[in-house]
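Structure first, then comments.
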Amino acid sequence: MQATKTTHTEPAHSHEHHDPGFLRSYVFSTDHKVIGIQYGFTALAFLFFGFLLMICMRWQMAKPGEAMPIVGKLLESLLGEVAKGGIISPDLYNAFGAMHGTIMVFLAIVPLAFAAFGNYVVPLQIGAVDMAFPRLNMVSYQCFAVGGVIMFVSFFIPGGAAQAGWTSYSPLATVIPTQGQTFWILGMVFLITSSLLGAVNFIATVIQLRAPGMTWMRLPFFTWVQFVTAFILLLAFPPLEAASVLQLMDKVFGSSFFLPTGLVISGKPYDISGGGSPLLWQHLFWFLGHPEVYVLILPAMGVVAEVIACNTRKPLWGYKSLVYSVLAVGFISFIVWAHHMYLTGMGTKISTFFQTTTMIISIPSVIILTCLFMSLWGGSIRFNTPMLFALAFLPMFGIGGLTGLPLGFNFSDLHLHDSYYVIAHFHYVVAPGTIFALFAGVYFWYPKMTGRYMSETLGKIHFWGSLIAMNLVFMPMFFQGLYGMSRRMSDGGATYALANPANEGVVTALTQTVMKLNVFVTHAAFLLLIAQIPFIINVFMSMFNGKKVENDNPWDATTLDWQTPTPPPHGNFTKEIIVYRGPYEYSVPGHPTDFTPQNMPDPKPAK
Amino acid sequence: MEIPYTVKPRPDTGLYNAKLGIWLFLASEVMLFGGLFSAYILLRVSSDLWPHGMVSIPVGTFNTFVLIASSVTVVMSWASLKLGKLSAFKGYMAATIVCALGFLGVKSFEYYAKFTHYDVWFKDEATAKKYFTAAYGEKGEEATRKLFVERFHLHNTKATYDANQIQLTGHLFGNPMFATLKKLTSAKQETIQFTPDAPFGTHDHPKAIEVKLSDVQRLSAYVPAHSTYFAIYFTITALHGLHVLGGAIVLAYFLFTADHWWKKSPEQMANRVEVGGLFWHFVDLVWIFLFPIIYLL
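Chains as they are written, first to last, in this note's numbering: chain A, 15 to 621; chain B, 5 to 301.
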């Protein structure tokens, strides 16, 4: 991308600095834009990789015990015994499941939503020359890359990757005799360190480097959400780091932090001191885990807000409500974690408390979504690809959010807990929710990054294909879950199906309808895979032969990220930036254009 | 391209970038140690037995004063810079680093003592009583029980404990570190020479006794695998120790590059020392919490 940047930029601005060389420019760069793009490409690669793991799992669920065509052979030659004959064994299924979750959350969505877009856009939006600590920023990416490599390598060690789910509940995670979990923990320590450095950097940048006149209530909404997200990462991740250290001690030094007294594994007493608490891991994990959910969704809301404001040509409806709601979500997200633990027997009083806070946090979330919906009212909407994705985000996130309420209630969670309903719920939030918003972001900021538009035709094929396939994949899962199908079953529930002779006459056995949905969903997942091909082609092709942007502000946007040269040079701005107005002054009566950039002074009053 | 406020504070926040950065970093550190302290509380309240007096209070107190002294000297070094006294800065900073190394030295001495100290649990009550008598003579069972009661502060409970729940505490011949029953048996050893600890209130070590490994149910040095107490003790103090080491390395770097920075930019140098000092105070503060929960409570 960088190479095309230089070849296609107008030779307008002269290079003040001497050329720092390839390594310093692209690999060990301290420029926030390069780091953002590094994060972006790495995260997109991991997103695709995590998706492919899921395709393998879906095959196994639809056709339990059957060899995977083509890929099966490859898996067998790469991974050996666990994929014997091209069949994904239950162990491998577990490893793929655990790593799908880990990769999607920690190596794909967070780095893409927070680190990639945040790094590229936030300093531009606040009128800063770079991040506050450019070298720390580089180290942050390097830690992320090391963590990613450790996670990736763990597939190929003897015994394979971690198998205890992305939540890594102890004692299971500790007593599995392979070393995949140790790799997982080490990888997490690097990823957490990376996030912490990033979070410190983001907060310091937004507080210290805002351009003159950029007051708090003039910050674009995207910058606000990144600011709040950074605080969540800063304060929620360390307890998981603590938990990781404790689990590492259990795994490597034989301590018993999460291992109870009297633990028996495969019929034998486990040789440990005991006295630990499995519940402690869950508390420490979910203390991160729930705020993490907001790390996944808040940046997406920020992207959608920017795209909607620009493409409706009117100000965001309720900017202040949006800001205060995001702050409220940030605070409350720290006191809802135990709603993941209703079934652990932690006590009804604690459950009631967390049930209450969980219901409270839905209020600001609904305010945000409502404001975004209201922003459409009366706008003259441009239906370009970024806008289509942003528009699709709204109902998709709505479905994801509202189906979460029954999980937040103690009594209904008893039935739904650990079922496919949960899978459908959080995938609606993250996949057609967050990922759609991130696609919107890619289509939206691509012209600023490269100086060329992405293809609208391919974009629209990508959009409609993804929208339809996503719903075909996840909607049936609600029904499977309501029928009682559990998650994390490598045979897709065949053991508990009515068709299994062992379950004859069992009332709660899974009916054929439920089982057939497995096959249907797998077909839909392949459709989703096909729908991503136009996007991949589009990202690479458009760098070379996309339509060139007409000027530096191709979408006629108001925020400062569009008031720079295209692509922005090292140091970002060619003139001094002073901010005179709020972020979304679209269609202001009496102005010559339908957008007034934040750095445009008011016209001098006529004498 | 110049990033603003790297040296001079931004007027509306009153902070230069690095100072805000370190405060944010410390906030995350509070959450990290907060998570570990919470784990400590949860493990302790849910445990049946929690030992006391396993670590030496005088040694811990000494280390506490060493760290507090280093916090004073690090402030003095920063103040010396602000007053323009480079040589005073060097002196105070060197004193800080000496304190840090002293702290780590004492800590490693404490660790070594733990790694070579053993508890042995026996297979059944009769075997246990046999060894108690061998160790402490006729009233052996009483002496061992006394040590047990003192260790777990069980004076006020009427609970009785089976002799085979009670361990014999002492040292192995040759002072090996990290020995376990598994390691000893796989080394084809059948017996060990075991020197029991002195009875409660005295310092007279009994003579070494011979213990058959076939009589032993569990044997563990004072390592994380020994018990939840030692697990959390080693985890938190080791993590704290790493912070001391990291901080000392950074401060030593400031000391050794002092002349260079003094010429280049005294103000920025003072800022760097201030930021390093803030981290150092935090490390000190963590110890102020650690000392009571590990040594005193």
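Where is the CB? At the ideal position from N, CA and C, for every residue including glycine.
Since this is a predicted model, take the numbers as computed values, not measurements.
Exercise for the section: Run the CB neighbour count on A/G359, radius 10 Å, all protein chains shown included, and call it buried at 16 or more, exposed below. Expected result: exposed
Problem - A/G174 - DSSP class collapsed to helix/strand/coil - result: coil
Problem - 8 Å Cβ cutoff, B/H230 in contact with chain A - result: yes
Exercise for the section: Please state whether DSSP places B/E214 in a helix, a strand or coil. Expected result: strand
Problem - Opening and closing residue of the beta strand (DSSP E) in which B/R222 lies - result: 220-225
Exercise for the section: Please list the partners that B/F29 has in chain A, where partner means a Cβ-to-Cβ separation under 8 Å. Expected result: L210, V214
Practice task
Can you tell me which of the three DSSP states A/P292 falls into?
Solution key: helix
Exercise for the section: Quickly, what does DSSP pair B/Q2 with across the bridge? List them, please. Expected result: Limits of chain B in this structure are 5 at one end and 301 at the other, which puts residue 2 of chain B out of reach.
Practice task
For the alpha helix (DSSP H) holding A/L61, just list the boundary residues, first then last.
Solution key: 46-76
Problem - chain B residues whose Cβ lies nearer than 9 Å to that of A/F170 - result: None at all; the shortest Cβ gap to chain B is about 29 Å.
Exercise for the section: State whether the stretch 438-458 of chain A contacts the stretch 408-427 of chain A, with contact taken as three or more CB pairs (one from each stretch) at a distance under 8 Å. Expected result: yes
Handout entry: Residue of A/V48, A/Q369, A/G585, A/L524 minimising C-alpha distance to A/L223
Key = A/G585
Problem - Of the residues B/H175, B/K192, B/V110, B/L188, the one placed nearest B/T120, counting alpha carbons only - result: B/H175
Exercise for the section: Would you mind telling me which residues of chain B sit closer than 7 Å to A/G161, beta carbon to beta carbon, in chain order? Expected result: Simply none; closest approach about 17 Å.
Handout entry: Cutoff 7 Å; reference A/Q52; Cβ partners in own chain excluding five residues on either side
Key = Y155
Problem - Rounded C-alpha distance that separates A/K618 from A/D608 - result: 19 Å
Problem - Sufficient close CB pairs (3 or more, under 8 Å) joining the stretch 322-336 of chain A to the stretch 288-295 of chain A - result: no
Handout entry: Endpoints, alpha helix (DSSP H) assigned at B/L108
Key = 90-119
Handout entry: Nonlocal neighbours in the same chain, by C-beta distance under 6 Å from A/S480, ignoring five residues either side
Key = A545
Handout entry: Under 8 Å by beta carbon: chain A residues contacting B/T17
Key = I221, Q222
Problem - Selected residue, minimal CA-CA separation from A/L66, among A/G54, A/M82, A/A178 - result: A/M82
Problem - Distance between A/A175 and B/Y237 (C-alpha atoms, nearest Å) - result: 30 Å
Handout entry: Per DSSP, the bridge partner or partners of B/Y122
Key = B/G174, B/A225
Handout entry: Min CB distance A/E255 to chain B below 8 Å
Key = yes
Exercise for the section: Specify the secondary structure class of A/P579 as computed by DSSP and reduced to three states. Expected result: coil
Practice task
Tell me whether B/Y140 sits in a helix, a strand or coil according to DSSP, three-state version.
Solution key: helix
Exercise for the section: Would you kindly check if the distance between the Cβ of A/G161 and the Cβ of A/A623 is under 8 Å? Expected result: There is simply no residue 623 of chain A to check, as chain A begins at 15 and stops at 621 in what is shown.
Handout entry: Opposing strand residues paired with A/R501 [DSSP bridges]
Key = DSSP output for A/R501 lists no bridge partner at all.
Exercise for the section: Below 9 Å between beta carbons is the criterion; list the residues of the stretch 137-158 of chain A that meet it against any residue of chain B, in chain order. Expected result: A142, V143, D144, M145, A146, F147, P148, L150
Exercise for the section: Excluding the 5 residues preceding and the 5 following B/M58 in the sequence, name in chain order all residues of the same chain whose CB lies nearer than 6 Å to its CB. Expected result: none
Problem - Environment of A/Y467 [buried if 16+ CB atoms lie within 10 Å] - result: buried
Practice task
For A/Y600, name the three-state secondary structure that DSSP assigns.
Solution key: strand
Practice task
Go ahead and pull the three-state DSSP assignment for A/L200.
Solution key: helix
Practice task
Look at the alpha carbon of A/M231 and the alpha carbon of A/K334, and state the distance between them as a whole number of angstroms.
Solution key: 8 Å
Problem - Contact with chain A by B/R14, beta-carbon distance below 8 Å - result: yes
Exercise for the section: Spell out the partners DSSP gives A/W511 in its beta bridges. Expected result: In the sequence on display, residue 511 of chain A carries Ala and not Trp. In DSSP, A/A511 forms a bridge with A/L524.
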